[in-house]
Amino acid sequence: MSRGNLRAIKRRIASTESTMQITRAMQMVATARLNKIQKRWKGVKDYSNYAERILKKVPFVEESLYTQNGEGSLIFVITPDMGLAGSFPSDLVKEALRVKSKLEDFKGYFVLGAKGYSGLKSETVLEKEVNLFDIPKVDHAEYLLEIIFQIMENKGISKVKVVYGELKNALIQLPKTYDLLPMTKDKFEIDARYEYEPEEEKVFEDAAYQYLLSKMYLFLFETKLSELHARQNAMKNATDNAHDLIEELNLDYNKQRQASITQELIEIVNGANMQ
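Okay, so the sequence shown: first residue is 955 according to my numbering, each after it adds one.
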């Protein structure tokens, strides 16, 4: 066995060890960020639940920006800006394309995140935002909601679907689609026992906006948590695979080295016998 082969295996071991150090570091970073923002998750969900409960108790207004059911559909796609998160980013893009294929009045995409734009840039993208935030805040949700309203007004759109990352658990993150607009009375099971003064329309508009804002914040936050979990899992798998590969390479190296030593000994013995 040539020493060249042994040197090649040594180089592969060193390269794999270097890669393993990187993947382990990225796994630790994802874990640290998860621990930092996961404490806020309950508050985000509570905000969304309370906003929906309020909306169910206000008079439903049929003629409103939030309830009109006309033509034209917009798909808002929430994706990560960074990769190395397994198939999570591409799954979101596939879901966006699947939703589009079911729509007869599709007008275009509004894409959030560099990975989503990379996968959908050959499609009809009406608006995009990349590297907008590291950790989502309510201000980001409000900003994105205003862009959606502008697109609806400029393009004559009344329907909005949101594609985001649903966090099932630490190991499972799935793409999901939510019908954000228009709002329907049946969907919210409006409780009509209450009366409001002086303007029911104003009460509904305010409650509806807070509901949309809370939902947008929820989708941004949940997708970010899903991204971090997906990256944590992907980097852990990569680290484990690198560790296994290093063990296999070390075993192969030792076998070849032993075979090389044995061959050299045989050659020495044969040479001595010939003398």
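Don't be surprised by glycine CBs; every beta carbon is placed ideally from N, CA and C.
Inter-residue CB distance, residue i and residue j (contact presumed, cutoff 8 Å)
i: residue 1015; j: residue 1021; result: 6 Å
i: residue 1090; j: residue 1178; result: 6 Å
i: residue 972; j: residue 1159; result: Contact flag wrong, Cβ pair sits at about 57 Å.
i: residue 1131; j: residue 1081; result: Not quite, the Cβ-Cβ distance comes to about 18 Å (not below 8 Å), so this is no contact.
Per DSSP, the bridge partner or partners of residue i
i: residue 1129; result: 1119
i: residue 1081; result: 1064
i: residue 1039; result: 1041
i: residue 1135; result: 1114
Collapsed DSSP secondary structure at residue i in the structure displayed
i: residue 1182; result: helix
i: residue 1048; result: helix
i: residue 1015; result: coil
i: residue 1029; result: strand
i: residue 1010; result: coil
i: residue 1216; result: helix
i: residue 1190; result: helix
i: residue 955; result: Because residue 955 carries a pLDDT of 48, less than 50, the predicted location of this residue cannot be relied on, and no value is offered for it.
i: residue 1073; result: helix
i: residue 1153; result: coil
i: residue 1058; result: coil
i: residue 1021; result: coil
i: residue 963; result: helix
i: residue 1091; result: coil
Counted within 10 angstroms of its Cβ, other Cβ atoms place residue i as buried (16 or more) or exposed
i: residue 1004; result: exposed
i: residue 1185; result: buried
i: residue 981; result: buried
i: residue 1054; result: buried
i: residue 1108; result: exposed
i: residue 1205; result: exposed
i: residue 1119; result: buried
i: residue 968; result: exposed
Of the listed residues the options, nearest to residue i (C-alpha basis)
i: residue 1141; options: 1119, 1047 and 1009; result: 1009
i: residue 1028; options: 1103, 969, 970 and 988; result: 1103
i: residue 1006; options: 1149, 1033, 1172 and 1044; result: 1172
i: residue 1087; options: 1125, 1068, 1041 and 1101; result: 1068
i: residue 1063; options: 1033, 1037 and 1125; result: 1033
i: residue 1095; options: 1045, 1168 and 1057; result: 1168
i: residue 1164; options: 1025, 1181, 1024 and 1134; result: 1134
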